[in-house]
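Novice:
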Amino acid sequence: MTAYSLDHVALAVRSWTQGGPVLAGRFGGRWRHGFEQAGAFNPAQIEYANGMRVELLQPGSDPASFVRRFLDGTGARARPHHITFKVRDIRASLGAAGAAGFEPILVNLDFEGWQEAFLHPKDTGLGFLVQMAQAEEMPEELAGDMPGLSLTPPWPEPEVAWAALPAVAGQVSRWDPVRRVLRDVLGGTETPLEPGISRFTWPSGADLVLATGEEPGLRALAFRGDGAVSWELADVLRAAEQEQIVPELGIRVADLASQRVAG
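Structure representation (structure tokens):
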């Protein structure tokens, strides 16, 4: 197995304060770090009770920021950008990707503490970028006292319970490349749930629930306000298929514990 964790989902937003209060105020997400830096993007991560994180990607100061271009492509609306899978050996993962017929992009092995590569959604059929990252420490630990690091959230500390994020839901239209990347490259375990619906799991992080659909991409973040990690397929599908997108995040969100969809 090349990946050991579905580590986080990254959402592109105009500013951290656009999406952060939703993730903290509704689901008790704990701020872990933010980096404000010159360049293409400013990342911030919010953690949930099961260790799963949501990353907010804010455009950096560079007018040519890829986050800015990504948002401009949808009229400045927030939307999902990528999922990060932690791997133990990035070079082995690159080899597995090549053997499965994928050409990794944006490969960066220069920094020993964080080595990464991406797989393009047009190749994988997933509708979002796949990031493979080898890192022994969390980003805030790697950063140390790096300028621009913020360990204090730019909004009030959450007053609600610390929710878990046990499942992420999406749609795919071509199963062959999806299975090649999630099973063959990333070593995920596939469990068919219903015709056209499968769950993919790794030793840690959220489950990825995919259903056949015409528009590939991420559709919902399925939380549990009670901190548990179990979920029912009907509840996840309801969030992914019937609820409105939360504009601050560009994706649907649900509290499966209360059967109440937020947004």
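Going by the numbering used here, the sequence shown wraps up at 297, each residue one higher than the last.
A virtual CB, placed ideally from N, CA and C, is assigned to each residue, including glycine.
Note that this is a predicted model, so its numbers are computed, not measured.
What is the DSSP secondary structure of residue 124, reduced to helix, strand or coil?
Specialist: Helix, per DSSP.
Novice: Can you pull the DSSP bridge partners for residue 166?
Specialist: Residue 166 pairs with 119 and 151.
Novice: What residue does the beta strand (DSSP E) around residue 246 start on, and which one ends it?
Specialist: Where residue 246 is concerned, the enclosing beta strand (DSSP E) stretches over 241-246.
Novice: Measuring only the C-alpha atoms, how far is residue 157 from residue 218?
Specialist: Cα to Cα, the separation comes out at about 14 Å.
Novice: Report all residues from its chain with a CB closer than 7 Å to the CB of residue 131; omit the five preceding and five following residues, and keep chain order.
Specialist: Correct list, in chain order: 138, 153 and 219.
Novice: Measuring alpha carbon to alpha carbon, tell me which of 122, 163 and 80 ends up nearest residue 67.
Specialist: Nearest C-alpha to residue 67: 80.
Novice: DSSP state of residue 55, grouped into three classes?
Specialist: Helix at residue 55.
Novice: Could you compute how far the alpha carbon of residue 70 sits from the alpha carbon of residue 48?
Specialist: Near 13 Å, if we compare the C-alpha coordinates of residue 48 and residue 70.
Novice: Are there 16 or more other CB atoms within 10 angstroms of the CB of residue 281, so buried, or fewer, so exposed?
Specialist: It counts as exposed.
Novice: Taking 8 Å as the threshold, find out whether the stretch 37-45 comes into contact with the stretch 83-99 through three or more Cβ pairs.
Specialist: A contact exists between the stretch 37-45 and the stretch 83-99.
Novice: Which partner residues of residue 97 appear in the DSSP bridge assignment?
Specialist: DSSP, once it has assigned bridges, lists no residue as partnering residue 97.
Novice: How is residue 186 classed by DSSP in three states: helix, strand or coil?
Specialist: Residue 186 falls in the coil class under three-state DSSP.
Novice: Helix, strand or coil for residue 129 per DSSP?
Specialist: Looking at residue 129 - three-state DSSP - the assignment turns out to be helix.
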